[in-house]
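Undergrad: 1113 is the number of the first residue of the sequence shown in my numbering; add one for each residue after it.
Glycine is no exception: its CB is placed at the ideal position from the N, C-alpha and C atoms.
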Amino acid sequence: MTGISSRGNHICFGKYALQALEPAWITSRQIEAGRRAMIRKARRGGKIWIRIFPDKVVTARSAETRMGSGKGSPKYWVAVVKPGRILYEIRGVSKEIARKALSLVASKMPIRTKFIISK
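Here it is, written out as structure tokens:
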């Protein structure tokens, strides 16, 4: 993947956000793990937005299969993320709680991220 994110690179809903700094495929399991960590840290305070959606399917063939006979079965779903893309947003909590919650989410992600605040 080349280039930077041209859409989804501004904070739209929340006050604090987590921004991607590297390109990657983020799986639906990683997105869900980040969401659970963020909700657990926020403790029902505030509102959370997930700005990425896994809409690309990754298929795989079973081992020791001969060539031909079509494409493999769907293995998992990924969201294609480019640098600059906003991954998660949060509003309604203090800056310290938001920073801690988003740092937990960042530890679940396979890429480097940055905590940003809306102007």
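Can you give me the Cβ contacts of ARG1141 inside the same chain, cut-off strictly under 8 Å, excluding the 5 residues immediately before and after it?
TA: Only TYR1188 meet the Cβ criterion.
Undergrad: Who are the near neighbours of GLY1115 in its chain, counting only those whose CB is closer than 7 Å to its CB and skipping five residues on each side?
TA: Within the same chain, GLY1115 has close Cβ partners LYS1194.
Undergrad: State the start and end residues of the unbroken alpha helix (DSSP H) segment that holds ILE1123.
TA: Looking at the DSSP string, ILE1123 is not in any alpha helix (DSSP H), and its letter there is neither H nor E.
Undergrad: Taking LEU1214 as the reference, which of LYS1231, TYR1200, PRO1222, ARG1224 has the closest Cα?
TA: Cα-wise, what sits closest to LEU1214 is TYR1200.
Undergrad: Rounding to the nearest angstrom, what Cα-Cα distance links ILE1061 and LEU1133 in this structure?
TA: Residue 1061 is absent from the structure shown; the chain starts at 1113 and stops at 1231.
Undergrad: Is it true that the region 1173-1185 meets the region 1200-1212, where meeting means three or more beta-carbon pairs spaced less than 8 Å apart?
TA: Contact fails: fewer than three Cβ-Cβ distances are below 8 Å.
Undergrad: Tell me the start and end of each unbroken beta strand (DSSP E) in the region 1156-1210 that is at least 3 residues and wholly inside, in chain order.
TA: Those beta strand (DSSP E) runs which fall completely within the region 1156-1210 and span 3+ residues are 1159-1162, 1168-1172, 1185-1193, 1198-1203.
Undergrad: Assign VAL1170 to one of two classes, buried (16 or more other C-beta atoms within 10 Å of its C-beta) or exposed (fewer than that).
TA: Result: exposed.
Undergrad: Going by beta carbon distance, what residues of the same chain come within less than 7 Å of ARG1173, once the five residues before and after it are set aside?
TA: Answer for ARG1173: GLY1184, listed in chain order.
Undergrad: Give every residue of the same chain whose Cβ lies closer than 6 Å to the Cβ of ALA1129, excluding the five residues on either side of it in the sequence, and list them in chain order.
TA: Only ILE1123, ILE1198, GLU1201, ILE1228 meet the Cβ criterion.
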